[in-house]
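A.B. asks: Structure in structure tokens, see below.
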Amino acid sequence: FVKIAVLRAKRMTPFVAVNGCDPEALEKLEKENIIVKSKANLYAPAHDVLEDWALVRHVDACFEQNPDVNAFFAALGTEPAMRRAYRLWVQDILSVGDKQKISFFSANLSNTTIERFWQDESLIALLHSDYSETFFLENESRLIDDNWSLFLRIVHILRTACRENNRDSWAERQYVPVGPGWNMVIRFINKHKEILPEKVYALLLQTLEDYAKLIGTVKGPEAAREAGLISFQLLEYFKSKAAYYYEDKTV
358 FVKIAVLRAK
368 RMTPFVAVNG
378 CDPEALEKLE
388 KENIIVKSKA
398 NLYAPAHDVL
408 EDWALVRHVD
418 ACFEQNPDVN
428 AFFAALGTEP
438 AMRRAYRLWV
448 QDILSVGDKQ
458 KISFFSANLS
468 NTTIERFWQD
478 ESLIALLHSD
488 YSETFFLENE
498 SRLIDDNWSL
508 FLRIVHILRT
518 ACRENNRDSW
528 AERQYVPVGP
538 GWNMVIRFIN
548 KHKEILPEKV
558 YALLLQTLED
568 YAKLIGTVKG
578 PEAAREAGLI
588 SFQLLEYFKS
598 KAAYYYEDKT
608 V
């Protein structure tokens, strides 16, 4: 079953041929409605949930068989389905608290020898995980280092990959924040708002505007107090800049 899921992910086709598999095993899987067979005698997983489980298991096997980080990612391949499988694997190891694998995940966030999209997939998984609270607490200095580069990357990922449409009609779509990462980012900004560089204030304002879309939703903004404190500081900053420009007759 894992072989079918991986072949389908890598070939990016609805059904795949499976050579060398036990015909009796295939027949049993089909009878159990675990796989489906096409008229051309090709196979595919019958359920998305089972397919995800198989792909996560494959990623875990690649990790165990390839201690070298570059060999690990080379074994995975770069197909969209495999990238998604890696993200699901990261979510899984964060949820169970596997320290060895979490250490591997964390180290790769700053690894310049791997493709950037692997780091982005890692961050998406992190921001959708309850482990995000632990990560922000344990990596505070790391998030500040190198001119806030990792933190600013997190904000970018947050605003692009951690929102979903909460309207039934796509014509009236409105994207609202999803995932625990939003609250942690807002709280981190509030904690460090006195030392964040002014050049990122516009980005912070846009992030607050995104976060405000949680108002009126079922959960609501859990970090509303922190968001308000950030807003006051940004308001004072932009008011002072507006006054300066006005007096200087720049605008």
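Heads up: the sequence shown runs through residues 358 to 608, numbered per the working numbering.
For glycine and all other residues, C-beta sits at the position ideal for the given N, C-alpha and C.
Model, not experiment: these values are computed from the prediction.
In angstroms with no decimal places, state the Cα-to-Cα distance between K394 and L364.
C.D. replies: As a working note, residue 394 is residue 37 in the sequence shown. As a working note, residue 364 is residue 7 in the sequence shown. If I take the Cα positions, the gap works out to 15 Å.
A.B. asks: DSSP three-state label for K360, please.
C.D. replies: Position 3 of the sequence shown, counted from the start, is the residue given in the question as residue 360. Helix, per DSSP.
A.B. asks: Where T517 and S486 are concerned, what is the direct C-alpha to C-alpha distance, given to the nearest angstrom?
C.D. replies: Taking the sequence shown and counting its residues from 1, the one referred to as residue 517 is at position 160. Taking the sequence shown and counting its residues from 1, the one referred to as residue 486 is at position 129. Going from the Cα of T517 to the Cα of S486 covers about 16 Å.
A.B. asks: Within 10 angstroms of the Cβ of E478, are there 16 or more other Cβ atoms? Answer buried if so, exposed if not.
C.D. replies: The residue given as residue 478 occupies position 121 in the sequence shown. It counts as buried.
A.B. asks: Do L451 and I459 have their CB atoms nearer than 8 Å?
C.D. replies: As a first step, residue 451 is located in the sequence shown; it is residue number 94 there, counting from the start. As a first step, residue 459 is located in the sequence shown; it is residue number 102 there, counting from the start. Yes, they are a contact pair.
A.B. asks: Distance, Cα to Cα, I514 vs C419?
C.D. replies: Residue 514 sits at position 157 when you count from the first residue of the sequence shown. Residue 419 sits at position 62 when you count from the first residue of the sequence shown. Between I514 and C419, the C-alpha separation is close to 26 Å.
A.B. asks: What residue does the beta strand (DSSP E) around K394 start on, and which one ends it?
C.D. replies: The sequence position of residue 394 within the sequence shown is 37, counting from 1. Looking at the DSSP string, the run of the beta strand (DSSP E) that includes K394 is I392 to K394.
A.B. asks: Could you check which residue in N504, E521, R520 and L500 has the C-alpha nearest to that of I511?
C.D. replies: On the sequence shown, residue 511 is found 154 positions in, with the first residue counted as 1. Answer by Cα proximity: L500.
A.B. asks: Using a Cβ distance threshold of 8 Å, determine whether the region 530 to 550 contacts the region 563 to 575, with at least three qualifying pairs required.
C.D. replies: Flag = yes, the region 530 to 550 and the region 563 to 575 touch.
A.B. asks: Could you give the uninterrupted runs of the alpha helix (DSSP H) lying entirely in the region 554 to 579, keeping only those of 4 residues or more?
C.D. replies: The region 554 to 579 contains these whole alpha helix (DSSP H) runs: 558 to 568.
A.B. asks: When you compare the CB positions of K385 and G434, do they come within less than 8 Å of one another, or not?
C.D. replies: Position 28 of the sequence shown holds residue 385. Position 77 of the sequence shown holds residue 434. Contact flag unset, no.
A.B. asks: Exposed or buried, P371, counting other C-beta atoms within 10 Å across all chains shown (16 or more means buried)?
C.D. replies: Working through the sequence shown from its first residue, we reach residue 371 at position 14. Exposed, by the Cβ-count rule.
A.B. asks: Where DSSP assigns a beta bridge to N522, which residues make up the other side?
C.D. replies: Position 165 of the sequence shown holds residue 522. DSSP output for N522 lists Y532 as bridge partner(s).
A.B. asks: Per DSSP, P402 forms a beta bridge with which residues?
C.D. replies: Translated into positions along the sequence shown, residue 402 becomes position 45. DSSP lists I392 as partners of P402.
A.B. asks: Please identify the residue among N468, F589, E551 and V359 whose C-alpha is closest to the C-alpha of R414.
C.D. replies: Counted from its first residue, the sequence shown places residue 414 at position 57. That would be V359, whose Cα lies nearest to the Cα of R414.
A.B. asks: Quick check: what's the CA-CA separation for I552 versus Y400?
C.D. replies: As a first step, residue 552 is located in the sequence shown; it is residue number 195 there, counting from the start. As a first step, residue 400 is located in the sequence shown; it is residue number 43 there, counting from the start. Whole-angstrom Cα-Cα distance: 57 Å.
A.B. asks: Which residues in the same chain have their Cβ closer than 8 Å to the Cβ of S588, if we skip the five residues on either side of it in sequence?
C.D. replies: Indexing the sequence shown from 1 puts residue 588 at position 231. L565, listed in sequence order.
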